[in-house]
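For the sequence shown, counting from 1, position 241 maps to 548 in the numbering used here; every step adds exactly one. Please read the structure below before turning to the comments.
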Amino acid sequence: MFSKISRETFIRSIADLLRKAEIELPDDVIEALRKAEAREENPVAKSQLQAILKNIELAKNHGVPMCQDTGIMIFFAELGTEFQSGFDLEAAIRDAVVLATVEIPLRPNAVNPLTRKNSGDNTGVEIPDIHWKLVPGKKLKITVAPKGAGSENMSALRMMNPTETGSIKHVVLETVINAGGMPCPPLTLGVGIGGSFDKAARLAKEALLEPLDAPMSSFEKEILDAVNALGIGCMGLGGSTTALAVHVKTAHCHTASLPVAINIQCWANRHASVVFGEEE
Ligand code: SF4
């Protein structure tokens with residue numbers, strides 16, 4: 308918790324947050340991977356899970372990113388209506404991304420979508436992607452979720468017929484089957500249902516931030532069991548765990564619409580948070 312923060316301290320904190328996200332997975336993610344390894348009976352999948360767990364340990368011990376794809380920077384900011392910074396928060400977050408790119412270092416991943424020219428510092432038009440949500444209070448909570456392309460590229464959005472609610476599970480399964488081993492399973496699946504075209508995608512991405520040990524609804528569990536019955540397994544090499552968790556978020560939508568987004572996350576379910584502001 309920080310109070311009365313300067314721009315320099317804020318940038319330092321966000322760069323440190325990025326480092327934490329890149330080198331250290333949240334405890335609930337590690338625990339879910341450990342449990343998957345413990346129950347896995349397929350020897351190839353078991354050895355892959357052991358290699359992932361070793362990779363995670365080495366990254367933390369050596370202070371280096373856990374994957375060569377250090378992702379594209381996505382931030383979720385919960386801004387208290389009474390929080391006062393005195394400086395441009397977005398500009399400071401961009402400066403922190405530039406600093407972290409040099410310091411950690413991070414692979415420069417941000418390119419112009421048409422010319423493919425790399426900015427060289429992980430920033431660009433609308434990148435880092437920063438999502439602001441106004442909340443009551445005097446605090447600012449910032450979460451960063453670096454997102455790799457392997458899993459993002461296999462994600463999908465479907466504008467379904469409103470009569471097709473019974474087919475949502477099928478669409479999720481189809482997406483996971485099409486993805487195969489490409490998104491580096493074991494996966495976490497964020498499913499956004501409702502809202503609009505863009506809202507469904509946002510809900511799906513927010514769902515990836517849910518703790519993996521959070522209780523799942525019967526619908527989420529039903530999808531998870533069906534995904535794991537596919538046998539795609541760790542890194543697509545077979546086995547009992549294709550996904551660690553499924554989290555669904557919903558929003559009311561137009562009576563004529565049923566947007567469904569499936570955001571796929573790889574084993575490297577990276578995210579970290581920091582809170583600034585006065586105690587309330
Ligand atoms: S999908 Fe994830 S684990 Fe695989 S290369 Fe990309 S960031 Fe790394």
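Even glycine gets a Cβ: it sits at the ideal position worked out from N, Cα and C.
To the nearest angstrom, how far is the alpha carbon of residue i from that of residue j?
| i | j | result |
| --- | --- | --- |
| valine 555 | glycine 499 | 6 Å |
| leucine 421 | serine 474 | 35 Å |
| alanine 452 | methionine 380 | 6 Å |
| glycine 378 | alanine 456 | 7 Å |
| serine 547 | glutamate 389 | 48 Å |
| glycine 540 | valine 479 | 16 Å |
| glycine 387 | alanine 345 | 42 Å |
| glycine 502 | histidine 477 | 20 Å |
| tryptophan 574 | leucine 413 | 19 Å |
| leucine 537 | alanine 463 | 18 Å |
| glutamate 513 | glycine 427 | 27 Å |
| methionine 467 | valine 418 | 32 Å |
| valine 442 | serine 525 | 30 Å |
| phenylalanine 504 | leucine 565 | 9 Å |
| glycine 444 | methionine 461 | 38 Å |
| arginine 326 | alanine 552 | 25 Å |
| leucine 510 | glutamate 385 | 15 Å |
| threonine 356 | isoleucine 337 | Inspection of the sequence shows that residue 356 is occupied by leucine rather than by threonine. Cα to Cα, leucine 356 sits roughly 11 Å from isoleucine 337. |
| arginine 319 | alanine 403 | 7 Å |
| leucine 324 | alanine 579 | 6 Å |
| asparagine 362 | glutamate 410 | 21 Å |
| isoleucine 434 | alanine 398 | 11 Å |
| methionine 373 | isoleucine 330 | 5 Å |
| alanine 322 | proline 490 | 26 Å |
| asparagine 368 | alanine 358 | 15 Å |
| isoleucine 569 | leucine 515 | 10 Å |
| asparagine 529 | leucine 494 | Per the sequence presented here, residue 529 reads as glutamate, with asparagine not at that position. If I take the Cα positions, the gap works out to 16 Å. |
| isoleucine 437 | leucine 396 | 10 Å |
| alanine 507 | alanine 558 | 8 Å |
Is the closest heavy atom of ligand 3 to the C-beta of residue i under 7 Å?
| i | result |
| --- | --- |
| proline 372 | As far as ligands go, the structure on display features ligand 1 and does not contain ligand 3. |
Where does the unbroken alpha helix (DSSP H) through residue i begin, and where does it stop?
| i | result |
| --- | --- |
| leucine 396 | 396 to 410 |
| threonine 482 | 475 to 486 |
| asparagine 535 | 525 to 535 |
| lysine 454 | Neither: lysine 454 is in no alpha helix (DSSP H) and is coded neither H nor E. |
| serine 320 | 314 to 330 |
Which one or two residues does DSSP pair with residue i in a beta bridge?
| i | result |
| --- | --- |
| aspartate 436 | Ile381 |
| lysine 448 | Glu385 and Val582 |
| valine 371 | None; valine 371 has no bridge partner. |
| leucine 494 | Ala550 |
| threonine 557 | Ile500 |
| asparagine 416 | DSSP output for asparagine 416 lists no bridge partner at all. |
| asparagine 425 | Val418 |
From the DSSP output, in three-state form, read off residue i for me.
| i | result |
| --- | --- |
| methionine 542 | helix |
| arginine 465 | strand |
| proline 350 | helix |
| phenylalanine 390 | coil |
| glycine 502 | coil |
| alanine 568 | strand |
| leucine 441 | strand |
Would you verify that the beta carbon of residue i is, or is not, closer than 8 Å to some beta carbon of chain C?
| i | result |
| --- | --- |
| histidine 578 | You won't find chain C in this structure, because it holds only one protein chain. |
Exercise. If you measure from each residue's Cβ to the nearest non-hydrogen atom of ligand 1, which ones come out under 7 Å, in chain order?
Worked result: Cys374, Gln375, Asp376, Gly378, Gly455, Ala456, Gly457, Ser458, Pro490, Cys491, Cys573, Trp574 and Ala575
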